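Numbering (this note's numbering), first residue to last: 30 to 174.
#1: Checking the sheet assignment: what are the DSSP bridge partners for residue 110?
#2: Can you give the beta carbon distance from residue 101 to residue 144, rounded, assuming they're within the 8 Å contact cut?
#3: So, at 6 Å on beta carbons, what are the nonlocal neighbours of residue 108 in its own chain, with the 5 sequence-adjacent residues on each side left out?
#4: How would you label residue 45, buried or exposed, when you count the other beta carbons within 10 angstroms and need 16 or more for buried?
#5: Suppose you measure from the CA of residue 130 to the CA of residue 43; what does that come to, to the nearest Å?
#6: Cutting at 6 Å between CB atoms, please list the residues of its own chain near residue 155, excluding the five before and the five after it.
#7: DSSP three-state label for residue 37, please.
#8: Based on the DSSP output, what are the partners of residue 151 in its beta bridges?
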């Protein structure tokens with residue numbers, strides 16, 4: 030059976046439309062993970078974040094990160110009084126895996142974060158802290174093992 034050129038164009042358009050509809054359906058089912066839910070107010074207030082980062086970069090000694098089988102260790106520099114703030118272990122692949130901890134240092138200015146329940150792989154450790162009403166911020170790409 031010989032096919033007419035109009036039939037060929039019709040079949041091509043129908044296959045294209047079915048492909049596009051399938052692509053739209055599949056893409057609408059994908060989860061949309063924002064870094065933060067309230068990104069607009071955070072974007073407006075980003076100048077203060079830049080100042081925190083600059084203040085952190087001006088420190089003589091920065092925060093150091095290490096790990097063993099059970100814990101992630103966050104070592105703070107000596108800065109006078111104990112810092113107050115939070116540590117966020119941020120997983121770019123899924124925001125449901127993120128874990129936030131309050132800063133509670135031991136006598137040697139270390140924070141131990143238990144790795145139990147955390148998946149291995151890439152994460153970003155974000156530390157936001159304040160000492161004597163001065164705020165600081167740092168983040169470090171980290172490979173959980």
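For glycine and all other residues, C-beta sits at the position ideal for the given N, C-alpha and C.
This structure is a prediction, so every number in the text was calculated from the model and none was measured.
In short, the structure shows the following:
#1: In DSSP, residue 110 forms no bridge with anything.
#2: About 6 Å; that satisfies the 8 Å criterion.
#3: If we look at residue 108 and ignore the five residues flanking it on each side, its Cβ neighbours are 160.
#4: exposed
#5: 54 Å
#6: Result list for residue 155: 117, 119, 168, in chain order.
#7: helix
#8: Secondary-structure assignment with DSSP links residue 151 through a beta bridge to 172.
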